[in-house]
Amino acid sequence: MAYLAPIHRPSSIRHAIQLSFLGPDSVDLIVAKANRLEIYTPDAQPPFQLVLQHTKSLYGKVTLLEKIRPSSSQTDHLFVGTDRYHYFTLSWDTVNKELKTEKAYVDIAEKAARDSQTGDRVHIDPTSRFMSLECYEGVVNIIPITQAGKGKRKAADAVEVGELQDPIPVRIPEMFVRSSCFLHKRPKGGDKHHNPEIAFLWEDVIAGNKMRLKVRELEFHSTLRPAEDPQSAELEKGREAQGEVELGASHLIPLPPPIYGMLILGETSISYVDEWEYNIQPTPLDEATIFTAWCAIDTQRYALADDYGRLYLLFLHQNDAGEYNGHTLHVLGQTSRASTLVYLDGGMIFLGSHQGDSQVIKIEEQGLQFLQTFANVAPILDFAVMDMGNRSSDAPVNEFSSGQARIVTGSGAYTDGSLRSVRSGVGLEPLGAIGEMGAPVSAMFGLRSSRGAKFDDTLVVSFVNSTRVFKFDSTGEVEELEMFGGSQMDECTLYAGNLDDGRVVQVTTSTVLVTDPDDSMVQGTWRPTGEARITDVATEGSTVLISLDGAALVVLSLAEGDVQVKTEKTFGTGSQVSCITLSPSLPGAAVVGFWEGSKVATLSLQDFSELAAQSVAEEEGSLAVPRSLLVARILADQPPTLFIGLADGNVVTFSIVSPEQLFAARKSIILGTQQPNFALLPRADGLENVFATCEHPSLIYGSEGRMVYSAITAEDAECVTSFSAEAFPGAIALAGGAEGEVKLAIVDEERTTHVQTLHVGETVRRIAYSAELRAFGLGTIKRTLRAGTEEVVSHFKLVDEIAFQELHTYPLNEDELVECVMRCELDDGSGNGSTAERFVVGTAYLGEQDSMRGRILVLEVTEERKLKLVTEFALKGACKCLAICQGRIVAALVKTVVIFNLEYQTAGSPQLVKKAAYRTATAPLDLSVTGSTIAVTDLMKSLSLLEYKPGRAGLPDTLGEIARHFETVWGTAAANVSENTYLESDAEGNLIVLQHDVNGYSADDRRRLKVVSEMLLGELVNRILPISVQPTPNALVVPRAFLATVDGSLHLFALIAPGMQDLLIRLQNAIAERVRSPGYVPFSKFRGFRSGVRDMGEEGPVRFVDGECVERFLDCGVEIQEEICKEMGMEGKSEELRGMVEGLRRIH
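Quick note on the UniProt record's numbering: the sequence shown kicks off at 1 and runs consecutively.
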């Protein structure tokens, strides 16, 4: 019933590690973004950049990363731990260029144990003999690492040296461990080692939350017969550190030789703990702070990061014996708030951030240099949908993949807070503009102005009755030429280009002209006889195919200097030509489109005999007239593709096996309502992309073995040509608009989610969009640090929708914070029932005494685009959420849901009047209103439905419960996605679809919300926004909502068409059985509902389809695809199934 697909992948980085993974000498950085791994390597060419080499999704959210190297491996292996208490190891398969599972997943889950309250941790002891895992309170899993054996033990060892053995759970009394580490110990001499020691920094709750430091000795007992006598480990022996540990202590840093010991990072001090007696020697900080991450640069220098986005350099001083002799701490500069730090080399640090952009930073004498930035939209606190195609607030939203719908998010926190505009499409990087031509451009062509030129340097711009030529030099400077060789400048140019020998060909409506670019001499011309006009032209090498008024075709050869007619043919009135093309993939043949019968045919260039023909009309009488043709190599190791642009906006494609087998594997897609025209864009790898211009320009390219259609961020592009100039390699020229503005740009080769950023410097906690006012209303929170004290202030800002420019700010009271914001239409007080656009803001006060206070503010926007208070209402608690129901304000307070009405005692004195109220189970967090029904998401008690009834005949308004979900669910957000159907998310990362059976047999049935679909997303959803999308005919799924998560991902939720539910669920099951994820974690454990009450990891998702899983069908080989089709009863229909899955992919 339910379908979920990602439209923006998680971008938050909490874990990263450097290792030699791709090769023995490679230095790679692997980062974890929720359930995805990304592998980067430094670019060999300056300036320094990290280049993405590979990305892969896992079945589980990554919580741990570490590196190990078995003795037989020339590269490091990656140890991965997930939130489902699985761990596994991966290596790089250099042959297949993909991740290889070295050790399948091991499940260390303990149902009776309590999850670690301070995060999971993994450590490897300095002698590489043991690994420790901390995932539960009071439990340390010790994993022995196989060592080289001796004597009998060597003969008995069958396990490879360096491999991980089975985990051994060891109990410890320390709870609430904030940090831990293995300590470096001085060697005993020879091959003997001390028992490893682990330090635990923990919070003693019994002693009043006092911080303590305990060092425990790891005793390991091996065995020659592990099956009969299991190995064991103990952490019984331990010693307390001597001295006070400050309450704000958060991190332990183990110090390597020759210093030894460890450091404790605290809020007010950095303490050294010696290796002998574990005496704590604190050194106070100049200014209190909260450290969040650290990394070692060398044995004496460490980089530290704090909660306020500052980066520090900690330098350890040594005495003559190399021992610790104090330290100094320097502030290097301001960065994003770091979640992880990885030292790369040469003074460069990778800073991974959860609440800001991740960065590559170089430490220099004068400060920090930012070498690279990775955009991050996490955490998404709120978002709004701004549709560039439909401007009215109640109009259906365009599909996100069209590029028309734009999602604007409130992202980041505090100084990293920002507005992000997220949009799907292929991006254009502007390089410059020639300017407006003063008239619409009909065509453009790039060519070389001399025989020896290696780059395009001349741009021919054609108009209805004239041609202009622009010349570029090697630096990118441009000038317009009055004349260009012997070219015709007073006619429309249909084609201009270079032959293989460098000569220039120009085809106008009356002439074919061949000139020598070096001496501007005309070497050959050809003109049609009589009054015939050239209406279309296609070229390939020295062959030119001419269409004369659509009634005749002529083949010209330009190979021997002059222009020679090779073949010509006149067609009858019933066979008029509509379009033509030539291609090196079809030697000796042309593809021709005809008006009559919507026919496309391949004709021999020798005598125009028909080799193959096909009607492209699906229905008789349709406007499926072929109007543009192109042959391109889109996919590697695949036949070329024939593109046919039809007059009704459709694009039909066929795979070209041979000129006689031209029409195989037909596919069709609608790009718009106008005929699309095609431009070929060569790629560096020898393949080609196709730029299709219509009212919604699209780029057609190959990705992951399939052809993808993507919107492109060039809305007004009408003419496009490749123009790879010396100053602009790989560029294209675009023209569009009534004035014919000509620009140069670089086109991304694939579709991505494009993110534009407006740095706010404050937490954008809430966002509301008004299409009528063309502005956003933002509820922000600003945090500053003054004299070691945090100060928090909150504002409501009005921001322009296009420029993201701040128009006005409405300050809130001291210690007052924005909780919620909405836009709505309320009574304007005119007395005639008319309404006006308003922003409504709900607030709460900080502090214990003020925690039971809040306000509701109603604001209007004046003609000067300033915010003005209409009225306010004081509350005895925080206002958590706002909605509008039948023109009245619905407010979710601390324990109640209240209906307010804006009433006017006089024209100038509006006030909010309480009309009805309902007390919820615990605390309402989110509201979703449909008609008179209000869906309330509760903190602990899932979802309940309230019905609002206005009072009649003097009776008061009523608000009462009509149904609820009788299950413990810690809800976070909800939305109505269909009639009597609701989507809810919970704090444990689950998605639940609930249905209200209004026609139930009994009253009890009608009072219960039943679960119809459920799945584990694995990310906490902060906001669900319902949308109304006009579905395409025969759509498999209908988009109903967008979801935004803490990890920065955006998802599209859709309902599956009734007749397709069984098909997609069976397809998901079939793919999940055959496609294995790294670590071989089962799909059911990854997507099965999981909460503190029940775990559906064995059953998997219930009536919920994971779009990412289904789309993996396109990545499967032909044999597996046929096998899946056979299992589903669709034997021989793999092409049909591929088309269906490609259609699903295109919706996002």
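Built from N, CA and C at the ideal position, the CB exists for glycine as well. Remember, it's a predicted structure, so these values are computed and weren't measured experimentally.
Spatially closest choice to residue i from the options, by CA coordinates
| i | options | result |
| --- | --- | --- |
| G410 | K797, P639 and P440 | K797 |
| L99 | S1084, V139, S1077 and P173 | S1077 |
| S20 | R36, Y3 and T41 | T41 |
| Q805 | C824, K782, M1128 and H759 | H759 |
| Q231 | I142, V1012, I280 and S722 | I142 |
| S26 | S11, I13, R14 and D43 | D43 |
| V755 | T713, Q1068 and A647 | T713 |
| L50 | L247, A664 and Q18 | Q18 |
| G452 | P517, I889 and I297 | P517 |
Residue i (DSSP reduced to helix, strand or coil)
| i | result |
| --- | --- |
| A158 | Note that A158 scores 49 on pLDDT, short of 50, meaning its location in the model is unreliable; the coordinates nonetheless yield the value given after this. Residue state, collapsed to three classes: coil. |
| D516 | coil |
| T981 | strand |
| S598 | helix |
| G389 | Residue placement at G389 is poorly supported in this model, since its pLDDT is 44, which falls under 50; the coordinates still yield a value, given next. G389: coil per DSSP, three-state reduction. |
| K111 | coil |
| F1086 | helix |
| R153 | Confidence at R153 is low in this model, with a pLDDT of 49, below 50, so its placement is unreliable and no value can be given for it. |
| G831 | coil |
| D1095 | strand |
| Y312 | strand |
| I802 | coil |
| V1102 | strand |
| E171 | According to the sequence as given, residue 171 is Arg; it is not Glu. The answer is strand: DSSP assigns R171 an E or B state. |
| K866 | coil |
| M1060 | helix |
| T581 | strand |
| H1145 | Per the sequence shown, residue 1145 should be read as Arg rather than His. Three-state result, R1145: helix. |
| G1107 | helix |
| A975 | strand |
| R9 | coil |
Burial state of residue i, where buried means 16 or more other Cβ atoms lie within 10 Å
| i | result |
| --- | --- |
| V170 | buried |
| Y918 | buried |
| I656 | buried |
| A16 | buried |
| R1145 | buried |
| T89 | buried |
| K743 | buried |
| Y1001 | exposed |
| V95 | exposed |
| R391 | At R391, the pLDDT of 43 sits below 50, so the modelled position is not reliable; the number obtained from the coordinates is stated separately. So R391 ends up on the exposed side. |
Residues sharing a beta bridge with residue i, DSSP
| i | result |
| --- | --- |
| S628 | G645 |
| C1116 | According to DSSP, which records beta bridges pairwise, C1116 is partnered with nothing at all. |
| N279 | Q242 |
| H696 | Its beta-bridge partners do not exist; DSSP assigns none. |
| L265 | H251 and I270 |
| residue 1186 | Lying outside 1 to 1148, the shown extent of the chain, residue 1186 is not represented and no answer is given. |
| S859 | Reading off the sequence shown, one finds Leu at residue 859, where the question assumed Ser. Beta-bridge pairing links L859 to F839 and L869. |
| R766 | G779 |
| H754 | R423 |
Heavy atom of the ligand HEM within 8 Å of residue i beta-carbon
| i | result |
| --- | --- |
| Q523 | The ligand HEM is absent from the structure shown, which contains no ligands of any kind. |
### Query
Taking contact to mean at least 3 C-beta pairs separated by less than 8 Å, is the segment 365 to 383 in contact with the segment 1042 to 1053?
With the cut-off at 8 Å, the segment 365 to 383 and the segment 1042 to 1053 touch.
### Query
Is it true that the segment 70 to 77 meets the segment 106 to 113, where meeting means three or more beta-carbon pairs spaced less than 8 Å apart?
At 8 Å Cβ cutoff, the stretches do not touch.
### the segment 344 to 359 / the segment 29 to 48 touching (three or more Cβ pairs under 8 Å)
The count of Cβ pairs closer than 8 Å, one atom from the segment 344 to 359 and one from the segment 29 to 48, reaches three, so the stretches are in contact.
### Message
When you compare the segment 464 to 472 with the segment 487 to 501, are there three or more beta-carbon pairs, one atom per stretch, that lie closer than 8 Å?
### Response
Contact holds: three or more Cβ-Cβ distances are below 8 Å.
### Message
Taking 8 Å as the cut-off, does the segment 491 to 501 touch the segment 586 to 603 (at least 3 CB pairs, one atom from each stretch)?
### Response
In short, these stretches do not touch, since the Cβ pair count stays below three.
### Query
Three or more beta-carbon pairs under 8 Å between the segment 185 to 204 and the segment 119 to 133, yes or no?
These segments touch.
### Query
Given 8 Å as the limit, is there contact between the segment 282 to 294 and the segment 321 to 338, that is, 3 or more CB pairs closer than that?
Touching, yes, given that three or more Cβ pairs across the two stretches are closer than 8 Å.
### Query
Do the segment 441 to 461 and the segment 787 to 801 make contact, defined as three or more Cβ pairs closer than 8 Å?
In the pairwise beta carbon analysis, the segment 441 to 461 is classified as not touching the segment 787 to 801: fewer than three pairs are separated by under 8 Å.
### Cβ contact check for the segment 257 to 269 and the segment 177 to 190: 3 or more pairs under 8 Å
Judged by pairs of C-beta atoms under 8 Å, the segment 257 to 269 touches the segment 177 to 190, as three or more such pairs exist.
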